[in-house]
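Going by this note's numbering, the sequence shown opens with residue 389, and the numbers climb by one from there. Where is the CB? At the ideal position from N, CA and C, for every residue including glycine.
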Amino acid sequence: MRTNRRAKRHAKHRRAVALAATAALLPGLAVSAQAHAAERDVYVASCRTSVEGSRVTAYCHNPYPATDRVQLHVECARWWDIDSDSAPVDIGPTAYAELTQRCWKEVGGAWISHQPVPDPRPGT
């Protein structure tokens, strides 16, 4: 009888340890899967900006197989200086583009926005 109780107690302990280990691992697997899915779906061109005086230039290269639509946005430092946005430019696979905008005086900030372009092939 004593051996039977001990076996039951050990079985309960093993189940509790297994459940605790599973509960500890599951959230990590879910986060890892989400990060991997997000990594796989994002295809945006790599861009860098350069500010020289009142002129901003963005240099963009798209190393991915999908087309990326980029746009340069410039915020001017002076309240009376008009902020500007460039025309959107489609950058195809392995393509390169330069976008330029300017302010009358100092540049307050500049950034690039990305928008995926739908595949023009039918059925995709």
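Excluding sequence positions up to five before and after Ala-498, its CB lies within less than 8 Å of the CB of Thr-437, Val-439, Val-444, Ala-446, Leu-460, His-461, Val-462, Glu-463 and Gln-489, all in the same chain and listed in chain order. DSSP, reduced to helix, strand and coil, places Trp-492 outside both helices and strands of the structure shown, so it counts as coil. Under the three-state reduction of DSSP, Thr-437 is assigned to strand. Excluding its 5 nearest sequence neighbours in each direction, Arg-457 has C-beta neighbours in its own chain below 8 Å: Pro-476, Val-477, Asp-478, Ile-479, His-502, Gln-503, Pro-504 and Val-505, listed in chain order.
C-alpha of Gly-496 to C-alpha of Trp-468: approximately 12 Å in a straight line.
Between Tyr-484 and Cys-435 a beta carbon distance of about 10 Å is seen, past the 8 Å cut, so the two are scored as non-contacting.
In the three-state reduction of the DSSP assignment, Asp-471 falls in the coil class. The three-state reading of DSSP puts Arg-466 in coil, since its state is none of H, G, I, E or B. Cβ-Cβ separation between Glu-494 and Arg-466: approximately 7 Å, consistent with a contact (criterion under 8 Å). Counting C-beta atoms within 10 angstroms of its own C-beta, Thr-455 has 16 or more neighbours from the protein chains shown and is therefore classed as buried.
Excluding its 5 nearest sequence neighbours in each direction, Ser-472 has C-beta neighbours in its own chain below 7 Å: Val-462 and Gln-489, listed in chain order.
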